[in-house]
Each structure stands twice: as structure tokens, then as C-alpha cells.
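Quick note on numbering: the sequence shown equals residues 226 to 327 in the numbering used here.
Cβ coordinates follow ideal geometry from the N, Cα and C atoms, glycine included.
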Amino acid sequence: MRKLSAVLLLTWLAPATAADNLSCIQAPSRLKACPHLLYRVAQLPAMPAPALICICATDFAALLKPAVTDSEKVQQNMARRQMEVIYGEKLQPVLDILQRRL
Numbered sequence: 226m227r228k229l230s231a232v233l234l235l236t237w238l239a240p241a242t243a244a245d246n247l248s249c250i251q252a253p254s255r256l257k258a259c260p261h262l263l264y265r266v267a268q269l270p271a272m273p274a275p276a277l278i279c280i281c282a283t284d285f286a287a288l289l290k291p292a293v294t295d296s297e298k299v300q301q302n303m304a305r306r307q308m309e310v311i312y313g314e315k316l317q318p319v320l321d322i323l324q325r326r327l
């Protein structure tokens, strides 16, 4: 009976361990846990096959809403350029996932 319990415990913990090892796409300045994680199966550039990806939707929210004022446009443009430097060609597919285009 103990062996069966051990096997069941290991199979129950396996998915949680896989999710914990998954690195999320998020702002590098983030110090606390992301309040809105989004998990999707997608194939980003440089990925050989579709896989489970994790995105911190909160960190990309400013890039998804339309800018109203000129200062918002400048801020949004600066944030986008910073994210492009960090994520390169992955940024647009991530934004497409968040906008439910993919």
C-alpha cells in the first residue's frame, strides 16, 4: 500500500514541478510574483515546435491599450522599444497571443 501511495504522490507532483520550472516571459525588472500569468501553447520564433509558454500579461498591458495623449504615446513607444531590445522578434507574437490573435 505504501508503494502505491508513493507512486500516486509522485505522479500528482509531476505536473506542478513542470509548471514551476517553466520560465515566464515578463519584464526583467519584476521583483514580485506576477498577478496575471497566462499559459498558452504556441510556437515563438526560434522554437523548433509548439510548446507551453508562460506570459506575465500584466507586464505587457501598457503596450496593448491605445495611447490617447502624446505623453502616453511617447511612454508606450519607449516601453515597446525596451521590450524589443529584451525579447527581439518574440515581442510581436507575444502581443498577438495577448490580443487573442493567435
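- Around the beta-carbon of D295, fewer than 16 other beta-carbon atoms lie within 10 Å, marking it exposed.
- With a threshold of 16 other beta carbon atoms within 10 Å, I311 falls short and is exposed.
- Rounded to whole angstroms, the separation of the alpha carbons of R306 and K290 is 16 Å.
- Burial is judged here by how many other beta carbons sit within 10 angstroms of a residue's own beta carbon; V293 has fewer than 16 and is exposed.
- Between A258 and D284, the C-beta spacing is not below 8 Å.
- Under the DSSP assignment, A276 falls in the beta strand (DSSP E) whose first and last residues are 276-281.
- Under DSSP, the beta-bridge partners assigned to A267 are A276.
- DSSP, reduced to helix, strand and coil, places L289 within a helical segment of the structure shown.
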